[in-house]
Amino acid sequence: MAEVKKGFTLVELVMVIIVTAIMAVVIMVAINNALRAIQFNAATEKLVSDLRYAQAMASGNGKWYGVAFEADPTNRYSIYLLNGTSESLAENPAHLGQTLVVNLGEQFGTLISDISIEGGGTVVEINPLGVPYTDKFGYIISQESYVTISKDGQTRRIFFTPESGRIYSQ
């Protein structure tokens, strides 16, 4: 009677290694895509919450606040307080002692790809009632304005609604 050898052949072992490698690559791609989507969602939520923060500060303090956007390649926005005719950067509530200037490109790898604010400006200023203006001495925003952010082919718009000042993403 012939002795039966137990074990794996070299072909079986190579096949297992190849299948494992393919699965690892597929999983890595899926994880990378998920992380990019998470970063993009985080950038969107950060921008929306900072805009709502500026609106809340304007209403709560009875003062004008503004948001200045800088599109690609700078990809940042800053929130500031209007003191009469001068401006001072607002303090970052998450990092006391620092100003509220956010670079979406550095923090999230996200671009500010389009700024469509009525009148062609890059600034929205918010009065103490929370209503968005093109600037403190300018006009109330009378049509829906937005900022578009993008990452890896995905885009989202953050809208400013006239009169009510509602801020939302879509």
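Position one of the sequence shown corresponds to residue 30 (the numbering used here), numbered consecutively onward. Every residue gets a Cβ at the ideal spot worked out from N, C-alpha and C, and that includes glycine. Given the structure is predicted, the values throughout are model-derived calculations rather than measurements.
Look up residue i in the DSSP assignment and say whether it is helix, strand or coil.
i, result
"S198", "strand"
"S107", "strand"
"N132", "strand"
"F69", "helix"
"S88", "helix"
"F166", "coil"
"F37", "coil"
"S171", "coil"
"T145", "According to the sequence as given, residue 145 is Ser; it is not Thr. Residue state, collapsed to three classes: strand."
"V160", "coil"
"E32", "coil"
"E74", "helix"
"A100", "coil"
"L125", "coil"
At the level of alpha carbons, what is the spacing between residue i and residue j?
i, j, result
"M203", "T73", "Nothing can be reported for residue 203, as the shown portion of the chain is limited to 30 through 199."
"N62", "D181", "10 angstroms"
"G134", "L140", "6 angstroms"
"E116", "Q68", "31 angstroms"
"G126", "A83", "17 angstroms"
"L118", "G95", "9 angstroms"
"S193", "G167", "17 angstroms"
"T163", "V153", "5 angstroms"
"Q136", "K35", "55 angstroms"
"A50", "R65", "23 angstroms"
"M52", "V77", "38 angstroms"
"T128", "I60", "33 angstroms"
"N70", "V45", "37 angstroms"
"I196", "V55", "38 angstroms"
"A15", "Q183", "Only positions 30 to 199 of the chain appear in the structure, and residue 15 is not among them; the question remains open."
"D79", "T114", "23 angstroms"
"S179", "P191", "24 angstroms"
"N132", "I169", "27 angstroms"
Between which two residues does the beta strand (DSSP E) harbouring residue i extend?
i, result
"K180", "S174 to K180"
"E29", "Because the chain is modelled from 30 through 199, residue 29 falls outside the range shown and cannot be assessed."
"T184", "Q183 to F189"
"E154", "V152 to I155"
Check your understanding: Touch check for the segment 103-119 and the segment 31-39: three-plus C-beta pairs under 8 angstroms?
Key -> no
Point to revise | Inter-stretch contact (C-beta, 8 angstroms, three-pair minimum) for the segment 169-176 and the segment 136-156 | key: yes
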